[in-house]
Amino acid sequence: MKTMFLGVTLLALVAGGCGSDRNVTSIPTVKDHFKDSFLIGAAVPVPHVSGLDPKADSIVSLHFNSVVAENCMKSAEIHPEEGRYVWEDADAFVKYGEDRGMVVIGHCLVWHSQLAPWMPYGDDGKYVTAEVFKERMRDHIHTVVGRYKGRIHGWDVVNEAIEDDGSYRHTPFYDILGEEFIPLAFQYAHEADPDAELYLNDFSMAIPAKRDAYVRIIGELKQRGLRIDGMGMQSHIGLDYPDMGEYEKTIVALGNAGVNVMVTELDMTALPTVKFGANVGDNVNFKEDQNPYPSGLPDNVSKEWNDKMAGVFELYKKHSDLISRVTFWGTYDGMSWRNDWPMHGRTDYPLLFDRNYNMKPFMEREITQN
Ligand code: 9MR
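Reminder that position 110 of the sequence shown reads as 111 in the numbering used here, one-by-one numbering, no gaps.
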């Protein structure tokens, strides 16, 4: 099922960790290092795309060959009122990726969170009928996908549709249209850009019931002849979760289901586990004792974090025949959503580059020694 998208890029001259350090040495970039295995992606926020974070830009331009929109393509952002689309940020994001020759990923078409507030409701404040909602969904998907036809390599079509127990999540999409909302979304996306890859995407994919539900849904989409190219395992993980044996089983099960496996939102908290998964609504009050490293990660925790991440990448390399892309949900620790979830105002260390834009040791070792 896997195809590689990019040609070879050259060894680059990089500055140490690539941010502040002026010591120029010749080491491979992350994207070059994995060029025969999988794409290396990053989620980028609007300030980064609009030039307000030049150091993050240099990291992404140098080390990554794929980008995904962190927020600007979600329906609440891009289609805040019926018939009114806001294209500025999404246009800039797509151009950003194109200018750098990257594989550009669209995120996301159908999601209950950051859902355009008007979309499921009528003037009476109640849900619209299935017919009306289908039409709104069709119009939204056709308009957004159609605008970037031929420029977006693949779309997260349906995001977070399934609960951890394998049942359908109760969202306006499910409550109005039932299970049919998934095939419909895939149908509409394919109509709008027949060449675009189309993906499912969810968190906590190591949970067997959730894995099984997606394997079943992928089978059903395929049976109906609908296009489905990949499944995103978001991979918002921690030092003590998920069970890596189950996580590996999911990689294999999705591969066996006949889709590309994508690690779509990788980050690993270094902080005490407060909540698993990535339910954006799962916020709890700040507690000082749950924020143990406000001024830096102690060496032993940093070692634990780097060792675990090295193991995670060993797993990705082992299954590189099934995995087509590994995307981090951001670039450097200072800008990660995990600083504010599930507790606002913690200091976390979840990404590939630290707050000074230096590459984390596990990756530096990987690309210089392996
Ligand atoms: O990183 C995103 C953050 O800036 C937003 O506030 C949040 C709001 O819903 O969404 C975050 O991204 C989410 C992604 O779109 C879907 N999977 C979970 C991600 C983390 O919440």
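By construction, the Cβ of each residue, glycine as well, lies at the ideal position given by its N, Cα and C atoms.
Open item on the list: Looking at the secondary structure, which residues open and close the alpha helix (DSSP H) in which Asp165 lies?
Closed with: From DSSP, Asp165 is part of no alpha helix (DSSP H); its letter is neither H nor E.
Open item on the list: Using the three-state DSSP reduction, which class does Phe329 fall into: helix, strand or coil?
Closed with: strand
Open item on the list: If you reduce the DSSP assignment to three classes, tell me which class Asn359 lands in.
Closed with: coil
Task: Reduced DSSP category for Asn301 - H, G, I as helix; E, B as strand; rest coil - done: helix
Open item on the list: Let me make sure I understand the geometry here. Which of Asn340, Phe354 and Pro362 has the alpha-carbon closest to that of Thr274?
Closed with: Asn340
Open item on the list: Closer than 8 Å to a non-hydrogen atom of the ligand 9MR - does that hold for the CB of Lys211?
Closed with: no
Open item on the list: So, with DSSP's three-state summary, where would you put Gly239?
Closed with: strand
Open item on the list: Taking 6 Å as the limit between beta carbons, can you name the residues of its chain near Asp54, skipping five residues before and five after?
Closed with: Pro48
TODO: Below 8 Å CB to CB, which residues in the same chain sit around Glu221 once its five sequence neighbours on both sides are set aside?
DONE: Pro184
TODO: Could you say if the stretch 161–169 and the stretch 205–216 meet the contact criterion of at least three C-beta pairs nearer than 8 Å?
DONE: yes
Task: Alpha-carbon spacing of Ser168 relative to Gly231, whole angstroms - done: 20 Å
Task: Neighbour-count burial assignment, Glu136, 16 or more Cβ in a 10 Å radius - done: exposed
- [ ] Please state whether DSSP places Val25 in a helix, a strand or coil.
- [x] In this prediction, Val25 scores a pLDDT of 46, lower than 50, which makes its location untrustworthy; the coordinate-derived value is nonetheless stated afterwards. DSSP places Val25 in strand when its eight states are reduced to three.
Task: Val281 CB to nearest heavy atom of the ligand 9MR below 8 Å - done: yes
- [ ] May I ask you to report which of helix, strand or coil DSSP gives His108?
- [x] strand
- [ ] Could you check the C-alpha separation between Asp203 and Thr369 for me, to the nearest Å?
- [x] 32 Å
Open item on the list: My output table needs one value for Glu89: the three-state DSSP class, helix, strand or coil.
Closed with: helix
Task: Cα-Cα separation between Ala1 and Leu201, rounded to whole angstroms - done: Residue 1 falls outside the range modelled here, since the chain spans only 2 to 371, and no answer is possible.
TODO: Classify Ile324 as helix, strand or coil using the three-state DSSP reduction.
DONE: strand
Open item on the list: Taking contact to mean 3 or more Cβ pairs, one atom from each stretch, closer than 8 Å, check whether the stretch 357–369 and the stretch 67–84 are in contact.
Closed with: no
Task: Reference Ile153, options Asp196, Ala186, Lys276 and Gln115, closest by Cα - done: Asp196
- [ ] Check the C-beta distance from Val45 over to Val68 and give it rounded, since I have them as a contact under 8 Å.
- [x] 5 Å
Task: Host alpha helix (DSSP H) of Thr144 (start-end) - done: Ala131 to Arg148
TODO: Can you have a look at Gln224 and say buried or exposed, based on whether 16 or more other CB atoms are within 10 angstroms of its CB?
DONE: exposed
- [ ] Kindly examine the ligand 9MR and report whether one of its heavy atoms sits closer than 8 Å to the Cβ of Gln115.
- [x] yes
Task: Neighbourhood of Phe134 by C-beta, 7 Å cutoff - its chain only, sequence neighbours within 5 removed - done: Pro121, Ile177 and Leu178
TODO: Would you kindly check if the distance between the Cβ of Glu78 and the Cβ of Asp90 is under 9 Å?
DONE: yes
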